[in-house]
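In UniProt numbering, the protein residues as written are 1 to 230.
Read through the structure below, which is laid out as structure tokens, and then see the notes.
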Ligand SMILES: Nc1ncnc2c1ncn2[C@@H]1O[C@H](COP(=O)(O)OP(=O)(O)OP(=O)(O)O)[C@@H](O)[C@H]1O
Ligand SMILES: [Mg+2]
């Protein structure tokens, strides 16, 4: 699905990611690490929103190191940013329609599937996205990405700020979309224990470098604590 080799990127003169390598299969792959470890920078780089200054990126067998973000979206990669991930002045329906612009299946078909996943959204279609609760807003952000019919979805801390009930619902939804829709998932999270419960493998980032990559079942609290140490 994704081959990441020696990836370097950052912001202007500041290099944040220093030689990240991993390959992503058809799986839920967690990206863990302390605040500032580089999780969001990695996801933005994978979505091709930050310049790659070293290494290479291959998506579904094609070298996309220098590709434009819209090309990756069209090729099946959807990205849900950590912040500002809905258009607040547009309605829920309009936000979802934007995702539906990519792909060939009808919008109605995709919406029906989405309402199966997030039944609460169907009653909110005419509401401005900016007036939704945190949990509802995250559903719209993830929903917009799913409307693209992606094969890979990058989720940046989708449960941040959500109550445990909403967070649990979102984690279970992530398992469902992987299992039933066949999506691969890269999931950046702070909530390590709940993330490891649904992930197949996980990577712990420390100061822009890979601290460890392993099967989720092999990562215990002690190994995580060490990876989170600055
Ligand atoms: N726009 C920016 N310009 C310069 N440096 C930035 C920018 N955004 C992030 N950084 C720096 O990059 C490093 C990694 O930040 P990043 O947002 O990727 O961390 P993170 O792991 O997502 O953290 P969090 O868990 O707090 O979301 C930090 O040192 C941060 O200060
Ligand atoms: Mg982040």
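Glycine is no exception: its CB is placed at the ideal position from the N, C-alpha and C atoms.
Here the structure is a predicted model, which is why all the values come from computation and not from measurement.
DSSP places residue 214 in the uninterrupted beta strand (DSSP E) bounded by 209–215. Between the region 10–21 and the region 182–191 there are fewer than three C-beta pairs closer than 8 Å, too few to call the two in contact.
When C-beta atoms of the region 42–57 are compared with those of the region 162–173, fewer than three pairs fall below 8 Å, so the two segments do not count as touching.
Around the Cβ of residue 148, a 10 Å sphere holds 16 or more other Cβ atoms; the residue is buried. In this structure the region 111–122 does not touch the region 58–73; the number of beta carbon pairs closer than 8 Å is below three. By the Cβ rule, the region 23–35 counts as touching the region 190–210, because three or more pairs are nearer than 8 Å. By the neighbour-count criterion, in which 16 or more other beta carbons inside 10 Å mark a residue as buried, residue 45 falls on the buried side.
At a Cβ-Cβ threshold of 9 Å, residue 126 and residue 92 count as neighbours. Ordered by chain, the residues meeting the criterion of a beta-carbon within less than 7 Å of a non-hydrogen atom of ligand 2 are 39, 40, 82, 156, 157 and 188. With contacts defined by Cβ atoms closer than 9 Å, residue 90 and residue 102 do not form a contacting pair. The three-state reading of DSSP puts residue 147 in coil, since its state is none of H, G, I, E or B. Burial is judged here by how many other beta carbons sit within 10 angstroms of a residue's own beta carbon; residue 158 has at least 16 and is buried. Counting only the Cα atoms, residue 5 lies some 31 Å from residue 86. Linking residue 176 to residue 62 through their CA atoms gives a straight-line distance of about 28 Å. Minimum Cα-Cα distance from residue 48 among the listed residues 64, 26, 224 and 37 corresponds to 64. Between residue 132 and residue 140, the beta carbon gap of about 7 Å places them in contact (Cβ cut-off 8 Å). Using a cutoff of 8 Å, the CB of residue 85 does not count as near ligand 1, since none of the ligand's heavy atoms is closer than that.
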